[in-house]
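Residue numbers (the numbering used here): 11 to 387.
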């Protein structure tokens with residue numbers, strides 16, 4: 011059988027978009043080993059010098075000017091990227107995209123970020139004849155995701171589908187698949203083995219994750235958790251934020267047998283499995299990973315736009331709670347120490363609710379698109 015090729019394009023504006031691309035790549039290879047996949051952060055690949063500067067500027071803006079970011083998000087909420095903007099993006103950042111596509115010769119292009127989706131849409135208007143699948147990696151849909159040239163949208167919920175329909179997207183193009191996470195998150199691991207691996211105790215455990223960019227450096231939150239180390243076990247996972255990790259390792263407040271300080275790890279699925287509460291930023295990918303594990307979530311200071319929408323959706327479903335004050339953490343510590351059985355039972359109910367979500371739905375939708383592309387028109 012000849013190998014089919016799937017090109018997955020993302021961008022580095024937050025880790026979740028690229029994680030979704032890699033999760034899809036893994037699921038596709040698991041579902042159909044004959045498929046070849048390639049994941050690229052397109053702008054970073056084409057402009058390795060300029061892209062980090064743009065991403066750094068974006069990080070600074072969302073953290074220092076949240077009101078401005080929220081205003082821009084809302085004012086353009088229903089607008090797609092216009093042709094002038096996509097032409098400018100192509101000219102400035104993506105001039106070699108056509109060359110890459112010719113070299114890789116994909117049978118389907120999958121985009122997990124709106125910018126490469128807009129760029130590929132423009133190329134399709136100019137004659138590119140490759141099916142385009144766009145994966146919306148949040149629980150809301152901003153107008154920048156929408157383009158007439160997209161052949162298939164993979165969305166998280168019925169609500170996101172309805173918003174696409176309101177924007178006149180043909181219903182036949184929309185599939186509700188959930189946000190793709192790595193297949194490991196849908197597997198159940200032995201908690202005893204995980205505890206041995208990470209030298210953890212069998213006691214109420216809180217996992218604190220700083221988000222893909224390590225935004226969560228709230229001293230008040232961290233200190234409060236450390237104060238309760240006699241009652242709970244806390245795993246601080248700081249990702250790529252080595253500076254904060256080194257600082258915490260030298261702080262006597264975090265030198266305790268019930269505290270684990272971790273940097274980047276590819277085993278978040280195991281840490282979620284063995285934890286009883288996740289304190290995190292409500293990125294679409296992290297929320298979905300937590301949901302796959304059924305772990306209750308406490309959301310810390312959502313970024314303007316998608317994270318706010320994600321937080322609201324998960325609250326409406328009873329799968330997470332927005333942290334309004336440190337009292338919320340105190341309340342959760344009380345639940346974990348005095349009503350642990352009730353917390354565990356609630357988690358089992360969440361796992362029953364999400365049993366309908368098959369982890370391979372997104373990959374199967376892309377397989378279907380591959381099959382359709384082989385049928386003569």
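C-beta atoms are modelled at their ideal positions from N, C-alpha and C, and glycine is treated no differently.
Cut-off 7 Å between Cβ atoms - residues of its own chain near residue i, not counting five sequence neighbours on either side
{"i": "residue 380", "result": "14, 117 and 118"}
{"i": "residue 343", "result": "238, 241 and 242"}
{"i": "residue 87", "result": "152 and 153"}
{"i": "residue 179", "result": "156 and 163"}
{"i": "residue 108", "result": "133"}
{"i": "residue 189", "result": "30, 147, 166, 294, 295 and 298"}
{"i": "residue 357", "result": "304, 305 and 306"}
For residue j and residue i, believed in contact at Cβ under 8 Å, the rounded distance
{"i": "residue 242", "j": "residue 347", "result": "7 Å"}
{"i": "residue 291", "j": "residue 312", "result": "7 Å"}
{"i": "residue 195", "j": "residue 303", "result": "6 Å"}
{"i": "residue 370", "j": "residue 41", "result": "6 Å"}
{"i": "residue 211", "j": "residue 251", "result": "So it is not a contact: roughly 25 Å between Cβ atoms."}
{"i": "residue 143", "j": "residue 120", "result": "5 Å"}
Contact under 9 Å by Cβ, residue i with residue j
{"i": "residue 47", "j": "residue 34", "result": "yes"}
{"i": "residue 165", "j": "residue 295", "result": "no"}
{"i": "residue 146", "j": "residue 52", "result": "no"}
{"i": "residue 283", "j": "residue 199", "result": "yes"}
{"i": "residue 301", "j": "residue 364", "result": "yes"}
{"i": "residue 110", "j": "residue 140", "result": "no"}
{"i": "residue 16", "j": "residue 32", "result": "no"}
Rounded separation between residue i and residue j - CA only
{"i": "residue 286", "j": "residue 316", "result": "25 Å"}
{"i": "residue 256", "j": "residue 248", "result": "10 Å"}
{"i": "residue 36", "j": "residue 18", "result": "11 Å"}
{"i": "residue 288", "j": "residue 339", "result": "11 Å"}
{"i": "residue 208", "j": "residue 201", "result": "11 Å"}
{"i": "residue 27", "j": "residue 122", "result": "5 Å"}
{"i": "residue 183", "j": "residue 160", "result": "8 Å"}
{"i": "residue 333", "j": "residue 258", "result": "22 Å"}
{"i": "residue 150", "j": "residue 170", "result": "6 Å"}
{"i": "residue 297", "j": "residue 206", "result": "26 Å"}
{"i": "residue 39", "j": "residue 372", "result": "12 Å"}
{"i": "residue 275", "j": "residue 187", "result": "27 Å"}
{"i": "residue 270", "j": "residue 264", "result": "8 Å"}
{"i": "residue 127", "j": "residue 321", "result": "25 Å"}
{"i": "residue 213", "j": "residue 352", "result": "15 Å"}
{"i": "residue 59", "j": "residue 281", "result": "35 Å"}
{"i": "residue 89", "j": "residue 136", "result": "21 Å"}
{"i": "residue 261", "j": "residue 158", "result": "54 Å"}
{"i": "residue 329", "j": "residue 113", "result": "44 Å"}
{"i": "residue 228", "j": "residue 327", "result": "27 Å"}
{"i": "residue 175", "j": "residue 254", "result": "44 Å"}
{"i": "residue 215", "j": "residue 266", "result": "14 Å"}
{"i": "residue 273", "j": "residue 350", "result": "28 Å"}
{"i": "residue 310", "j": "residue 318", "result": "10 Å"}
Residues near residue i by beta carbon distance below 8 Å, same chain, minus five either side
{"i": "residue 197", "result": "279"}
{"i": "residue 336", "result": "230, 231 and 234"}
{"i": "residue 106", "result": "56"}
{"i": "residue 354", "result": "286"}
{"i": "residue 168", "result": "186"}
{"i": "residue 131", "result": "96, 142, 157, 158, 159 and 160"}
{"i": "residue 193", "result": "33, 36, 37, 40, 369 and 370"}
For residue i, the residue or residues it bridges with in DSSP
{"i": "residue 281", "result": "BP columns for residue 281 are empty, so no partner."}
{"i": "residue 48", "result": "17"}
{"i": "residue 135", "result": "For residue 135, which the question treats as bridged, DSSP gives no partner whatsoever."}
{"i": "residue 290", "result": "309"}
{"i": "residue 270", "result": "245"}
{"i": "residue 163", "result": "144 and 184"}
{"i": "residue 191", "result": "Bridge partners of residue 191: none, in fact."}
{"i": "residue 26", "result": "DSSP lists no partner for residue 26."}
{"i": "residue 121", "result": "19 and 144"}
{"i": "residue 258", "result": "DSSP output for residue 258 lists no bridge partner at all."}
Own chain, CB closer than 6 Å to residue i, minus 5 neighbours either side, in chain order
{"i": "residue 387", "result": "Note that residue 387 scores a pLDDT of 45, beneath 50, so its modelled location is shaky and nothing firm can be said."}
{"i": "residue 185", "result": "164 and 375"}
{"i": "residue 173", "result": "151"}
{"i": "residue 219", "result": "247 and 290"}
{"i": "residue 308", "result": "289, 331 and 333"}
{"i": "residue 217", "result": "245, 281, 285 and 288"}
{"i": "residue 177", "result": "156"}
{"i": "residue 361", "result": "304"}
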